[in-house]
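The sequence shown begins at 505 in the working numbering and counts up one residue at a time.
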Amino acid sequence: MLIRNGWHLKRNGAEHDIYTNGSEAEAIPRHKEIKENLAKAIIKRRGLK
């Protein structure tokens, strides 16, 4: 969803992937599944559609 909204992978951290849109960054935990509440919080915080 981040990529569809113009974000791209900046780097891989030890436990997180860092995505950026050029001016802001978002750390996404690298798990097989992300909890639904976390996903909803990221979507809301970044205004993703």
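Backbone N, C-alpha and C fix where the C-beta goes; we use that ideal spot for every residue, glycine too.
Query: Counting only C-beta atoms, is residue 505 closer than 7 Å to chain C at any point?; Result: No chain C appears in the structure shown, which is made up of a single protein chain.
Query: Who are the near neighbours of residue 514 in its chain, counting only those whose CB is closer than 6 Å to its CB and skipping five residues on each side?; Result: 522 and 524
Query: In angstroms, rounded to a whole number, what distance separates the CA positions of residue 527 and residue 509?; Result: 14 Å
Query: Looking only at its own chain, which residues have a Cβ that is under 6 Å from the Cβ of residue 511, when we skip the five neighbours before and after it?; Result: 523 and 525
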